[in-house]
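Participant:
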Amino acid sequence: MIDRNGYRSNVGIILLNSKNEVFWGKRIKQDSWQFPQGGIKPGESPEQAMYRELTEEVGLHPKHVEIIGRTRDWLRYEVPDQWIRRDWRGNYKGQKQIWYLLRLVGRDCDVSLRTSVRPEFDAWRWNQYWVELESVVEFKRQVYQQALTELARLLNRAPFDGNGYGISNRSSGEQAAIGPAKQGE
């Protein structure tokens with residue numbers, strides 16, 4: 007599903023554990039790490055695509071996670087020409103993504119990188135939320151920073167309330183905890 011501007015619809019997943027650490031998967035046979043992500047199929051909503059990708063790439067099912075929130079709008083990145091499949095050149099610019107912030111309510115042992123015929127990852131780990139992004143392929147780093155920054159306001163909030171952006175479990179007088187403005191602080 008490539009839109010008229012050349013962007014493929016996609017979802018990204020930031021999965022948290024109980025310590026607000028994020029899940030990082032190591033790309034199979036590569037030295038780069040990333041969050042789970044994947045394309046939205048025709049007829050699929052972003053939420054449906056998120057659950058499908060979560061199961062395909064990480065082996066987790068809806069019962070293992072709670073949705074805390076998602077980005078308000080699409081975040082975009084362009085893919086360098088040398089990374090674009092030959093048959094897509096000329097039509098394809100990059101990805102537009104809706105990012106979801108999820109909380110693992112299952113256990114670490116529920117994670118399985120081998121549920122798909124074509125696994126994305128060959129290793130995984132938990133990292134601090136504000137981890138340095140050098141291990142992420144360069145052209146995705148800005149979108150990762152945008153998603154982490156936008157969703158940081160939801161770190162201490164209750165699960166998804168249906169409006170797509172999370173709900174607060176604090177009284178109106180309490181302030182939300184927001185992470186640092188830039189990575190690594």
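My numbering runs 6 ahead of the 1-based position in the sequence shown.
Note that CB positions come from ideal geometry on N, CA and C, so glycine has one too.
Give the single residue among R159, Y150, E144 and E126 whose Cα lies nearest to the Cα of K35.
Facilitator: Checking every option, the nearest Cα to that of K35 belongs to E126.
Participant: Pick out whichever of D116, S122, N23 and T77 has its Cα sitting closest to the Cα of N16.
Facilitator: Of the candidates D116, S122, N23 and T77, the one whose C-alpha sits nearest the C-alpha of N16 is T77.
Participant: Could you name each continuous alpha helix (DSSP H) segment of 4 residues or more that falls completely within the stretch 33 to 88, going from the start of the chain to the end?
Facilitator: DSSP runs (the alpha helix (DSSP H)) wholly in the stretch 33 to 88: 52 to 64.
Participant: When DSSP builds the beta bridges, which residues end up paired with L108?
Facilitator: DSSP, once it has assigned bridges, lists L21 and I73 as partnering L108.
Participant: Inspect the beta-carbon positions of L110 and I74 and report whether they are closer than 7 Å.
Facilitator: Cβ atoms of L110 and I74: not closer than 7 Å.
Participant: Would you mind working out which of A158, W30 and R82 sits nearest I104, comparing C-alpha positions?
Facilitator: The shortest C-alpha separation from I104 is found at R82.
Participant: What whole-angstrom Cβ distance do F41 and I20 have, given they're in contact under 8 Å?
Facilitator: Between I20 and F41 the Cβ distance is about 6 Å, and since that is below 8 Å, they are a contact.
Participant: Name the residue from L160, L60, E84 and R147 whose alpha carbon lies nearest to the alpha carbon of F29.
Facilitator: Nearest of L160, L60, E84 and R147 to F29, Cα basis: L60.
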